[in-house]
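Engineer:
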Amino acid sequence: MTATFWQKVDKTGRNLAPFAVTVMMVLVGMIPLPVPGYAPVAPNLTLVSVYYWTIHRPDLMRPGVAFLIGLLQDFLIGGPLGVNALLLVVAQWAVLNQRRVFLASTFALLWVGFTLVMAGAVLLQWLAFSVLDAVTLSILPALFQGLLTVAVFPAVGWLLIRVHRAFLNG
Numbered sequence: 001m002t003a004t005f006w007q008k009v010d011k012t013g014r015n016l017a018p019f020a021v022t023v024m025m026v027l028v029g030m031i032p033l034p035v036p037g038y039a040p041v042a043p044n045l046t047l048v049s050v051y052y053w054t055i056h057r058p059d060l061m062r063p064g065v066a067f068l069i070g071l072l073q074d075f076l077i078g079g080p081l082g083v084n085a086l087l088l089v090v091a092q093w094a095v096l097n098q099r100r101v102f103l104a105s106t107f108a109l110l111w112v113g114f115t116l117v118m119a120g121a122v123l124l125q126w127l128a129f130s131v132l133d134a135v136t137l138s139i140l141p142a143l144f145q146g147l148l149t150v151a152v153f154p155a156v157g158w159l160l161i162r163v164h165r166a167f168l169n170g
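For the sequence shown, the numbering used here assigns the number 1 to the initial residue and increments by one for each residue that follows.
Right, dumping it as structure tokens:
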């Protein structure tokens, strides 16, 4: 039996869910909050989304997709093009290499795994911006961003689980 046109449209829409949700995370992460000094330490929701989808649907979160989302994020925040793209591709590669471990883990271990990925991302981001500025920058903003991202991981993870169940398990 061949799929009808509408079944194909439905399947395509469902397969775009990880990309669409991650782009929404980029946009939500850009919402300014009236908190002094918040912008440099805003949680990296995009990285949480790439981490989640790389573990649960690597067929839909490929390196090219992560790269394009990172470029979009760089463009929208007005930062140097390629920094977030590099960060997301490296994180996606690291997670993909340990995917079997993550799939067999409890949520607590997924959180610990994300903490390790975030630590690497903090160092990579700090190093990239220090090299681009040709000066050793303070690592504190990146460190606080990493801590805040790790703190919001359970809430964002819960949301991603709901999206996954609603759109990709049907």
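Even glycine gets a Cβ: it sits at the ideal position worked out from N, Cα and C.
Could you give the first and the last residue of the continuous alpha helix (DSSP H) run that contains P34?
Structural biologist: Segment: none, P34 is in no alpha helix (DSSP H) and carries neither H nor E.
Engineer: Just to confirm my understanding: we take L96, look at its own chain, exclude 5 residues before and 5 after, and list those with CB closer than 7 angstroms. What are they?
Structural biologist: Answer for L96: T54 and P58, listed in chain order.
Engineer: Measuring CB to CB, does F114 end up less than 7 angstroms from F144?
Structural biologist: No. Outside cutoff.
Engineer: Indicate the three-state DSSP secondary structure (helix, strand or coil) for N97 in the structure shown.
Structural biologist: Note: N97 maps to helix in three-state DSSP.
Engineer: Measure the Cβ-Cβ separation of V50 and A66 and say whether it is below 7 angstroms.
Structural biologist: Yes. Within cutoff.
Engineer: Taking Cβ to Cβ, would you say T22 is nearer than 7 angstroms to I77?
Structural biologist: Taking 7 angstroms as the Cβ cut-off, T22 and I77 do not qualify as a contacting pair.
Engineer: In angstroms, rounded to a whole number, what distance separates the CA positions of L148 and V90?
Structural biologist: About 20 angstroms.
Engineer: When burial is assigned at 16 or more other CB atoms within 10 Å of the CB, is Q125 buried or exposed?
Structural biologist: Result: buried.
Engineer: Please check the pair G172 and V48, which I expect to be a contact at CB under 8 angstroms, by giving their CB distance rounded to whole angstroms.
Structural biologist: Outside the shown range of the chain, which is 1 to 170, sits residue 172, and nothing can be said about it.
Engineer: On the three-state DSSP scale, how would you describe I69?
Structural biologist: DSSP places I69 in helix when its eight states are reduced to three.
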